[in-house]
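Written out below as structure tokens is the structure these notes cover.
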Amino acid sequence: VSIRQGPSEPYDSFIEKLQAAISREIVHDMAQKEVLLKLAFQNDNDDCRHILQSLVTSGVHDLAQYLQACRSVSTVTYNMENLANVLVAAQGRRPGNCFNCGKPGHFKAQCRAPGGGGASAQSSGTRPRTICPRCKKGFHWLIFQKHAQDGGARPVSPGFRIL
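When we follow the UniProt record's numbering, the leftmost residue of the sequence shown carries the number 1, and every step to the right adds one.
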């Protein structure tokens, strides 16, 4: 019998199709029941197999309990519970170590140690000690230059930076 449960097929309709196919092939009632239990576990989809694995390993071999266990598979509630479990596991992971100071819990962009990216020179309020080499008008960083022309009234090219 090559009947497999589809990924979104309810478990009870899969069992009905499997029962009909087995009853056509096997005459003896006890053999039908044994084959049905075996194929109900082997040919189900991954979600049902994951749920039924605990029942099979604990020694439960009852079709009614299989149906009860797989009743909620592929429902919105089941999918949301799986998503919530994955998100909780992902949030529990700690970030890696900082490439600047080597301490865990943050990365270089958030590092407060010298050389980190936690606070750039412009945002921390420090100013350069010399006037701007482009406009010759103020003590500001060249990368934050707002003028469209340099000090000699020549247009500034977009990728041009004097350090």
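Glycine included, every Cβ here is placed at the ideal spot set by N, Cα and C.
- Task: Could you say if the stretch 33-52 and the stretch 6-15 meet the contact criterion of at least three C-beta pairs nearer than 8 Å?
- Result: yes
- Query: What does a CB cutoff of less than 7 Å around residue 67 pick up in its chain, not counting 5 residues either side in sequence?
  - Reply: 11, 12, 15
- Query: Would a C-beta distance cut-off of 9 Å place residue 101 and residue 116 closer than the cut-off?
  - Reply: yes
- Reducing DSSP to helix, strand and coil, say where residue 122 ends up. Below a pLDDT of 50, predicted positions are generally treated as unreliable, and residue 122, at 47, falls in that range; no measurement from the model is reported.
- Message: Going by the DSSP bridge assignment, what does residue 104 pair with across the sheet?
- Response: 97
- Task: Express the C-alpha separation of residue 89 and residue 121 in angstroms, rounding to a whole number.
- Result: Confidence in residue 121 is poor, its pLDDT being 46 and thus under 50, which makes the residue's placement unreliable; the coordinate value appears in the next sentence. Using only the alpha carbons, I get a separation of about 38 Å.
- Message: Taking 9 Å as the threshold (C-beta atoms), are residue 44 and residue 52 in contact?
- Response: yes
- Please classify residue 47: is it buried, with 16 or more other beta-carbons within 10 angstroms of its beta-carbon, or exposed? buried
- Item | residue 130 (DSSP reduced to helix, strand or coil) | coil
- Query: Is the Cβ-Cβ distance between residue 98 and residue 84 less than 9 Å?
  - Reply: no
- Taking Cβ positions, are residue 32 and residue 19 nearer each other than 9 Å? yes
- From what residue to what residue does the alpha helix (DSSP H) around residue 137 run? Here residue 137 belongs to no alpha helix (DSSP H), and DSSP marks it neither H nor E.
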